[in-house]
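For reference, the structure is listed below as structure tokens.
There are 2 protein chains.
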Amino acid sequence: MTLQKLKVAFLGPLASFSHQAAAESFKKASADLLPHVSFSDAFASVQKQEADYAVIPFENSTNGSVVQTLDLLSDRNNQYKDVKVCGEYYLTVHHCLLVHKNSYPNGLPSYDGKITKLYTHPQAWGQCEKFLNEYFKGVERQDVSSTSKGAEIVSKEKDECVGAIASHFAAEYHGVDALASNIEDRADNTTRFLIFRNIHADRTAGTTLDFESSSSQTPIPNGDSKSAEKEKETTRKTLISFSIDHSSPGALANALLIFKAHGLNLTSINTRPSLRRAWQYIFFVECGRKVSVENDDAVMKALNDLRDVTESCRDLGTWKDQLGVSI
Amino acid sequence: MTLQKLKVAFLGPLASFSHQAAAESFKKASADLLPHVSFSDAFASVQKQEADYAVIPFENSTNGSVVQTLDLLSDRNNQYKDVKVCGEYYLTVHHCLLVHKNSYPNGLPSYDGKITKLYTHPQAWGQCEKFLNEYFKGVERQDVSSTSKGAEIVSKEKDECVGAIASHFAAEYHGVDALASNIEDRADNTTRFLIFRNIHADRTAGTTLDFESSSSQTPIPNGDSKSAEKEKETTRKTLISFSIDHSSPGALANALLIFKAHGLNLTSINTRPSLRRAWQYIFFVECGRKVSVENDDAVMKALNDLRDVTESCRDLGTWKDQLGVSI
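Those protein sequence lines, which keep their order, are chains Y and H.
Note that the first sequence covers residues 65 to 391 in this note's numbering.
Note that the second sequence covers residues 65 to 391 in this note's numbering.
Here it is as structure tokens:
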């Protein structure tokens, strides 16, 4: 009997950072990587079990949360009720300023200021502000759907002198040159991807994938690598969303207290508009715990208590921490 | 003795939504409205006391928080230490699809699909998705620095057939036509502006400006207008930012508990990357209270307690609630 290869959805097109994250996080598995044109398409594939997993950007260490992902997780029309987080992957992001093949063989020192337009994904501008202010101040910026798309446009543009911000991976794929490399503001610029599966899918039910991140080789401060490694093995993160009755005083504080009561350490909070009524929000709370016999059912107990004090709440999944933060 | 007119900074250019918000919120005062090219310029003007007030967008009821404003409030380089919130203003946002003067005198029914490019501020795309998907699917989108700038581009473009999303106010200012009006997804699409002053400025120290919002005429559910009015008069909001030691378990929950302990009702929480270390955040907590003799110093007491459990915390101001939410 031969097992069918795993199908992993990512936010396309080919050679995007999401593609790179999908390739790296599933490098030990036998997987087909499938580009998807939108966040919602990738989620829908997992809901319909056309894909086994989806690899979706969740936050960047410089730019913050990816609101499109939070909006997907809000799932306001109840389209993705079986899609849950099962893992995370940290990808260290390196950007390049890409130009036509052979247009500047001597690199940045020979650049003559002729580029009239730059292309990249909206998140990337904010990650390269210093470089852009120094070398491309005032140059027109055009958002495109992914960094790889920008590289593709540069490769095809015949008349205008244009540039793009994307990875070396995308440069190679589209046959363009890097005028400058590592142009990101911060050397530790990292994007965290969440990996999703369908909770009713038998094919992925038994697997415990360990998505070793590209940033996990970074030494972890305040501890030797062995103890950090041990800590990582026993640390789990959980994502829970809820909405509250804003007219009830103390409702938000009461909901957050429940996490503490069950030994779940709050690590981040995000909010999005509920879109049901103005100035009411959906809260996304991420929490962590070191797994023990005693707290094995802490998430379930917390969810039970949350149901009493929230308008709605939802378990969005539990997975193994890949960062080794102490929680 | 004649008093010098108030100077109010807003995010330019002229005829932007920020201009409209500044004009409406200071309509009862004698004020010069001063356009500024960036969020940071407007903030710097108030810090240097070149402007008395700045009117800055904070969140939209559909699109969520304005991250540039949160980043300004993060004030990572301690540039704006005296700039604090002193008021808020709710502006109901109506968008139009603007085109060349007289190009479609019969409006949307006569539209022939010839527009090849649309211009607007990044936040506006998300507010008009339904309309754009119906009439302008696949049309190239170009981000510009404000909705008004988009209207200006349309007024000046001679060769291409282009459009912009902006207000009627901007259409009149730039002499272009509205092909369609009220194209926003939600009729209650509202932007909340915060109004800032310098806490050391004598000129604005004694004034208690009441920024009556454009949405305040909306009937408030569950209460007659008189009692809602009374409630508004005694309700104050406060914004506090803090960072925590993420390696200390329970630090975030402990910080949030302090608000509850002092009778401050949490109404919203936002986060931005600290940029000091990856995956550490600055938290922005907004809280409200009905002012009474007993809780007059609640904010001061909460800040004192917060200093014990946070790495840093900051009072970003207290102001009169204009929404009439029950808290």
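Don't be surprised by glycine CBs; every beta carbon is placed ideally from N, CA and C.
This one's a predicted model, so the numbers in the text were calculated from it and none came from an experiment.
What three-state label does DSSP hand Y:S138 in the structure shown? helix
Can you give me the C-alpha to C-alpha distance between Y:F348 and H:S89, rounded to a whole angstrom? 33 Å
Would Y:L316 pass as an interface residue toward chain H - the criterion being a Cβ-Cβ separation below 8 Å? yes
Do Y:L167 and Y:S80 have their C-beta atoms within less than 8 Å of each other? In the sequence on display, residue 167 of chain Y carries Ser and not Leu. It is not a contact, given that the beta carbons lie outside the stated cut-off.
So, with DSSP's three-state summary, where would you put H:F200? coil
Exposure of H:D309, with buried meaning 16 or more beta-carbon neighbours within 10 Å: exposed
Could you tell me which chain Y residues have their CB closer than 7 Å to the CB of H:Q206, listed as they occur along the chain? Q206
Distance, Cα to Cα, H:T255 vs H:N246? 15 Å
How many Å lie between H:G177 and H:F200 at the Cα? 8 Å
H:K165 (DSSP reduced to helix, strand or coil): coil
Going along chain H, which residues have a C-beta under 8 Å from Y:F323? A317
Residues in the same chain with beta-carbon distance under 7 Å from H:N262, minus the five sequence neighbours each way, listed in chain order, please. V110, Q111, Q113, D146, V147
Does Y:W343 come within less than 8 Å of chain H when only Cβ atoms are used? yes
Cβ closer than 9 Å: which chain Y residues qualify as neighbours of H:D252? R341, A342
Would you say Y:S125 faces chain H, with C-beta separation under 8 Å as the test? yes
Using a cut-off of 8 Å between C-beta atoms, extract the partners of H:R336 located in chain Y. G128
Based on Cα-Cα distance, which residue from Y:P186, Y:L258, Y:A235, Y:D360 lies nearest to Y:R52? It is not possible to answer for residue 52 of chain Y, since the shown part of chain Y is limited to 65 through 391.
Which of helix, strand or coil DSSP assigns to H:V149: strand
Have a look at Y:L380, Y:R250, Y:A230 and flag the residue whose alpha-carbon is nearest the alpha-carbon of Y:L258. Y:L380
Just reading off the beta strand (DSSP E) that H:S125 is part of, what are its end residues? Segment: none, H:S125 is in no beta strand (DSSP E) and carries neither H nor E.
Contact set between the segment 178-195 of chain Y and chain H, restricted to residues whose Cβ is under 8 Å from the partner: P186
Quick one: using the 10 Å Cβ neighbour count with 16 as the cut-off for buried, is Y:A228 buried or exposed? buried
Would you mind stating whether Y:V240 and Y:K165 have Cβ atoms separated by less than 8 Å? yes
Y:D372 versus Y:Q143 - alpha carbon distance: 24 Å
Between Y:A430 and H:K324, which are expected to be in contact by the criterion C-beta below 8 Å, what is the C-beta distance as a whole number of angstroms? With chain Y covering 65 to 391 only, the question about residue 430 of chain Y has no answer from this structure.
Since Y:V119 contacts Y:S82 with CB under 8 Å, what's their CB separation in whole angstroms? 6 Å
Which chain Y residues are close to H:S332, counting only those with a beta carbon under 7 Å from its beta carbon? T335, Y345
First and last residue of the alpha helix (DSSP H) that includes Y:H232? 232-238
Less than 8 Å between the beta carbons of Y:K71 and Y:L98, yes or no? yes
If you reduce the DSSP assignment to three classes, tell me which class H:D266 lands in. helix
Taking C-alpha atoms, which residue in H:W343, H:L303, H:S311, H:N368 lies nearest to H:R353? H:L303
Excluding the five sequence neighbours on either side, which residues of its own chain have a C-beta within less than 6 Å of the C-beta of H:H158, listed in chain order? N246
Just by C-beta distance, which residues in the segment 125-157 of chain H are closer than 7 Å to chain Y? S125, T126, G128, V131
Who are Y:R261's beta bridge partners in DSSP? Y:Y117, Y:K148
When we look at the beta-carbon of Y:S307 and count the other beta-carbons within 10 Å, is it buried (16 or more) or exposed? buried
Nearest chain H C-beta to Y:N197 closer than 8 Å, yes or no? no
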